[in-house]
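Chains as they are written, first to last, in this note's numbering: chain A, 1 to 304; chain B, 305 to 646.
Glycine included, each C-beta is placed from N, C-alpha and C at the ideal position.
These figures come from a predicted structure and were not determined experimentally.
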């Protein structure tokens with residue numbers, strides 16, 4: 001290190017909050033391996049939610065055996081208080097959870113990215129108005145408000161594949177959640193704008209919409225993608241937490257959180273009713289964190 | 305290698321000293337930053353009030369009808385509408401609520417018509433904040449310990465396993481961890497499983513387990529942040545200087561590195577509080593603690609909307625207050641943040 005390089009070291013680089021989450025060490029050394037492992041775990045979960053309810057001899061609502069049978073070859077996750085098969089219920093519930101997570105992440109990322117890109121490309125006044133609003137929304141005490149809204153509206157929204165209470169929960173989360181994408185995207189987009197290839201495109205006389213679609217968005221994809229994966233971990237904790245206060249998906253539709261809640265009354269005698277769905281949620285989180293870390297390692301070459 | 309260069313050993317004075325007449329500019333910057341932040345807080349507060357106000361009005365159907373049920377006579381519905389103020393123009397309803405808020409009143413419960421919302425949610429809110437406070441303390445102890453270990457023992461096997469454990473903990477929802485702890489407590493009787501006691505000292509017995517469950521959402525984040533921060537501090541010249549002066553490693557870490565690495569934690573605590581309260585609401589239900597989660601659930605079940613509104617409002621204002629406090633702490637501790645840009 002020489003005297004000329006001392007200035008950057010005195011101002012600490014403040015990375016975004018979500019980059020400071022714990023990371024798998026080996027994901028930095030072997031991003032490919034971590035990605036493969038994460039995708040494999042996620043694939044198991046996704047495939048199970050698709051195929052287990054189709055192939056299982058039991059259904060989510062029918063009584064499949066005696067109440068509170070311990071896990072066995074007949075019932076892999078045991079049976080619940082009513083004698084229903086917990087294994088099938090976990091994966092049918094997973095369909096609801098994954099569907100809601102996908103909607104939350106897609107909805108938030110699309111809205112957030114669009115607003116972020118527009119803010120970065122528009123006049124300083126529009127930019128500052130949009131960003132003030134976004135900042136306010138980010139400092140909005142989201143979780144508790146989201147839960148209150150989802151709770152108050154939990155009786156409505158039985159539409160198509162969505163059980164009662166699912167849509168209000170999804171909409172309430174998106175309404176607050178998109179803002180964090182906007183802040184991320186705007187920062188990235190601003191730094192991309194000063195790069196030569198964007199300047200070249202501007203000088204060639206390309207329209208703003210073409211620059212956004214052909215030059216900005218493709219270069220933002222990896223960062224937004226990595227954040228979407230991190231967001232999907234947070235989203236499932238929020239969604240599965242809602243049934244504990246009576247919000248979110250309403251019974252009898254199964255869902256990871258409500259399955260665990262239903263088991264909490266018999267926790268001492270039949271731990272499997274609660275712990276088995278809970279383990280699935282944990283594995284889901286581990287899978288996504290592996291994927292996110294390997295994507296992050298791609299982005300900045302393991303600078304963390 | 306520049307050892308002990310002036311502006312890096314004293315980063316607090318480095319920026320203003322480099323520019324002549326910087327003092328004036330810095331104060332203007334501080335004023336601008338403050339104005340911006342206060343404006344934002346007011347904007348968020350207004351937003352919270354508007355959202356909680358509209359929540360009640362946006363429910364499909366007539367709230368009075370919902371509360372009284374299908375078989376209520378039109379007269380009694382009209383009477384309740386009058387009592388709730390729903391027959392007034394919507395703008396009057398809003399100003400009534402805002403005036404009430406300025407007087408510190410959150411309205412009257414619709415279920416037990418004699419109790420105010422303040423009386424109903426006050427104790428519940430204190431219980432929740434108790435869990436949050438103890439959880440914060442546990443998170444800090446665990447997070448700082450693990451963070452220091454990670455910052456010092458770089459990438460050795462112990463650090464790697466600890467990091468792995470932190471990711472697994474962070475991937476586990478707090479209510480899942482809470483249930484595992486509950487199961488452990490049921491088997492080993494290390495703590496009372498659920499329930500509550502109102503004497504403050506005794507309540508620690510009931511709080512520590514749910515608080516520990518809640519901590520797994522925050523402790524790993526603190527650990528990670530501190531670890532990163534310690535490494536950045538280690539790379540700075542004044543640490544190099546301290547090592548070069550021959551100070552014992554322990555003293556270098558505790559006296560030079562750690563104090564300069566703790567700053568990000570301050571902000572982290574402020575900004576995590578919203579999520580922590582949200583998590584506490586869920587964990588409480590697992591442990592049967594009479595906090596705002598139970599209160600909110602009961603209120604929605606009984607369609608006691610002023611109580612729901614009050615809980616959302618009070619929690620929101622608490623979070624906003626602590627966010628602002630975190631900012632203020634930043635400004636007090638680190639003068640570098642006293643510019644509008646940050």
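Residue 286 of chain A classed as buried or exposed, judged by whether at least 16 other C-beta atoms fall within 10 angstroms: On the first chain, position 286 is the one that residue 286 of chain A refers to. Counting the other CB atoms within 10 Å of its CB gives residue 286 of chain A a total of 16 or more, which places it among the buried residues.
Best match in B/390, B/593, B/524, B/353 for proximity to residue 369 of chain B [C-alpha to C-alpha]: Within the second chain, the letter at position 65 stands for residue 369 of chain B. Per the Cα distances, B/390.
Beta-ladder partner(s) of residue 79 of chain A, from DSSP: As a position in the first chain, residue 79 of chain A is number 79, starting the count at 1. According to DSSP, residue pairing for residue 79 of chain A in a beta bridge involves A/85.
Per-residue contacts from residue 39 of chain A into chain B (C-beta, under 7 Å): For the purposes of this step, residue 39 of chain A is taken as residue 39 along the first chain, with counting starting at 1. By Cβ distance, chain B contributes nothing, its closest Cβ being about 16 Å from residue 39 of chain A, past 7 Å.
Neighbour list for residue 244 of chain A in chain B, Cβ cutoff strictly below 9 Å: One-based indexing of the first chain puts residue 244 of chain A at position 244. Below the 9 Å Cβ cutoff, chain B contributes 479, 585, 586, 587, 588, 589, 590, 597, 601 as neighbours of residue 244 of chain A, in chain order.
Below-8 Å beta-carbon distance, residue 229 of chain A vs any chain B residue: Within the first chain, residue 229 of chain A is the residue found at index 229, counting from 1. Residue-level contact check: residue 229 of chain A does not touch chain B, since none of the beta carbons of chain B fall below 8 Å from its beta carbon.
Residue 387 of chain A: contacting residues in chain B (beta-carbon distance under 7 Å): Coverage of chain A is limited to positions 1 through 304, which leaves residue 387 of chain A absent and any answer about it impossible.
Cβ of residue 303 of chain A within 8 Å of any chain B Cβ: Residue 303 of chain A sits at position 303 when you count from the first residue of the first chain. The predicted position of residue 303 of chain A is uncertain, since its pLDDT is 44 and thus under 50; a value taken from the coordinates is nonetheless stated next. Chain B, which has no Cβ nearer than 8 Å to the Cβ of residue 303 of chain A, makes this no.
Chain A residues whose Cβ lies nearer than 7 Å to that of residue 476 of chain B: The sequence position of residue 476 of chain B within the second chain is 172, counting from 1. Those within 7 Å of residue 476 of chain B in chain A are 282, 285.
Distance between residue 393 of chain B and residue 524 of chain B (C-alpha atoms, nearest Å): Start at 1 with the first residue of the second chain, and residue 524 of chain B comes out as number 220. Start at 1 with the first residue of the second chain, and residue 393 of chain B comes out as number 89. The straight-line gap from Cα to Cα measures roughly 50 Å.
Residue 350 of chain B in three-state terms, based on DSSP: For the purposes of this step, residue 350 of chain B is taken as the residue at position 46 of the second chain. Three-state DSSP puts residue 350 of chain B in a helix.
C-beta atoms of residue 116 of chain A and residue 60 of chain A nearer than 8 Å: As a first step, residue 116 of chain A is located in the first chain; it is residue number 116 there, counting from the start. As a first step, residue 60 of chain A is located in the first chain; it is residue number 60 there, counting from the start. Not a contact, by the Cβ cut-off of 8 Å.
Beta-carbon neighbours of residue 562 of chain B, restricted to chain A and to distances below 8 Å: As a first step, residue 562 of chain B must be located in the second chain, where it is residue number 258. Residues of chain A whose Cβ lies closer than 8 Å to the Cβ of residue 562 of chain B do not exist; the shortest such Cβ separation is about 15 Å.
Distance between residue 531 of chain B and residue 615 of chain B (C-alpha atoms, nearest Å): Here residue 615 of chain B corresponds to residue number 311 of the second chain, with the count starting at 1. Here residue 531 of chain B corresponds to residue number 227 of the second chain, with the count starting at 1. So the two alpha carbons sit approximately 36 Å from each other.
Residue-chain proximity (residue 353 of chain B, chain A), Cβ-Cβ < 8 Å: If you number the second chain from 1, residue 353 of chain B lands on position 49. No, no contact with chain A.
Buried or exposed (CB count within 10 angstroms, at least 16 for buried), residue 296 of chain A: Walking along the first chain from the start, residue 296 of chain A turns up at place 296. Classification of residue 296 of chain A: buried, given that the 10 Å Cβ count is 16 or more.
8 Å Cβ cutoff met for residue 114 of chain A and residue 170 of chain A: Position 114 of the first chain holds residue 114 of chain A. Position 170 of the first chain holds residue 170 of chain A. No. Outside cutoff.
Cα-Cα separation between residue 175 of chain A and residue 289 of chain A, rounded to whole angstroms: Numbered from its first residue, the first chain carries residue 175 of chain A at position 175. Numbered from its first residue, the first chain carries residue 289 of chain A at position 289. The alpha-carbon atoms of residue 175 of chain A and residue 289 of chain A are separated by roughly 24 Å.
Chain A contacts made by the region 561-581 of chain B, where a contact means CB separation under 8 Å: Residues of the region 561-581 of chain B with a Cβ closer than 8 Å to any Cβ of chain A, in chain order: 568, 572, 575, 578, 579, 581.
Residue 359 of chain B at chain A interface by Cβ criterion, 8 Å: Here residue 359 of chain B corresponds to residue number 55 of the second chain, with the count starting at 1. Yes - at least one Cβ of chain A is within 8 Å of the one on residue 359 of chain B.
Beta carbon proximity, residue 347 of chain B to chain A, threshold 8 Å: Mapped onto the second chain, residue 347 of chain B falls at position 43. By this cut-off, residue 347 of chain B is an interface position.
6 Å Cβ shell around residue 606 of chain B - same chain, five flanking residues per side excluded: For the purposes of this step, residue 606 of chain B is taken as the residue at position 302 of the second chain. 415.
Identity of the residue in B/595, B/517, B/565 nearest residue 543 of chain B by Cα: Residue 543 of chain B sits at position 239 when you count from the first residue of the second chain. Looking at B/595, B/517, B/565, the one whose alpha-carbon comes closest to that of residue 543 of chain B is B/565.
Touching by the beta-carbon criterion (3+ pairs, under 8 Å), the region 231-247 of chain A and the region 56-73 of chain A: Contact annotation: the region 231-247 of chain A does not touch the region 56-73 of chain A, with fewer than three C-beta pairs closer than 8 Å.
Own chain, CB closer than 6 Å to residue 560 of chain B, minus 5 neighbours either side, in chain order: The count along the second chain starts at 1 and reaches residue 560 of chain B at position 256. 543, 546, listed in sequence order.
Residue 326 of chain B at chain A interface by Cβ criterion, 8 Å: Taking the first residue of the second chain as 1, we reach residue 326 of chain B at position 22. Residue confidence is low: residue 326 of chain B scores 45 on pLDDT, short of 50, so the model does not pin down where it sits. Its coordinate-derived value is still stated next. Interface flag for residue 326 of chain B against chain A is unset, since no Cβ pair is found closer than 8 Å.
Three-state class that DSSP yields for residue 412 of chain B in the structure shown: Reading the second chain from its first residue, position 108 is the one you call residue 412 of chain B. Strand at residue 412 of chain B.
N-terminal and C-terminal residue of the alpha helix (DSSP H) that residue 386 of chain B is part of: Against the second chain, residue 386 of chain B aligns to sequence position 82. Residue 386 of chain B -> alpha helix (DSSP H) spans 378-388.
Interface partners of residue 615 of chain B on chain A, CB under 9 Å: Your numbering for residue 615 of chain B matches position 311 in the second chain. At a C-beta separation below 9 Å, residue 615 of chain B has these neighbours in chain A: 144, 148.
Beta-bridge pairing of residue 420 of chain B - partner residues as DSSP gives them: The residue you call residue 420 of chain B lines up with position 116 of the second chain. Within the DSSP bridge table, the entry for residue 420 of chain B names B/412 as partners.
Distance between residue 571 of chain B and residue 634 of chain B (C-alpha atoms, nearest Å): Numbered from its first residue, the second chain carries residue 634 of chain B at position 330. Numbered from its first residue, the second chain carries residue 571 of chain B at position 267. Whole-angstrom Cα-Cα distance: 7 Å.
Cβ-based neighbour list, residue 120 of chain A, same chain, cut-off 6 Å, excluding 5 preceding and 5 following: The sequence position of residue 120 of chain A within the first chain is 120, counting from 1. So the list reads 186, 189, 190, once near-sequence residues are dropped.
Residue 388 of chain B, buried or exposed, once every other Cβ within 10 Å from all chains shown has been counted against 16: Within the second chain, the letter at position 84 stands for residue 388 of chain B. Residue 388 of chain B is buried by the Cβ-count criterion.
CB contact below 8 Å: residue 297 of chain A versus chain B: By one-based count along the first chain, residue 297 of chain A stands at place 297. Chain B, which has no Cβ nearer than 8 Å to the Cβ of residue 297 of chain A, makes this no.
Identity of the residue in A/184, A/235, A/237, A/232 nearest residue 217 of chain A by Cα: Looking up residue 217 of chain A in the first chain gives position 217. It is A/184 whose Cα lies nearest to the Cα of residue 217 of chain A.
Span separating the alpha-carbon of residue 552 of chain B from that of residue 558 of chain B: Here residue 552 of chain B refers to the residue found at position 248 of the second chain. Here residue 558 of chain B refers to the residue found at position 254 of the second chain. So the alpha carbons of these two residues sit roughly 10 Å apart.
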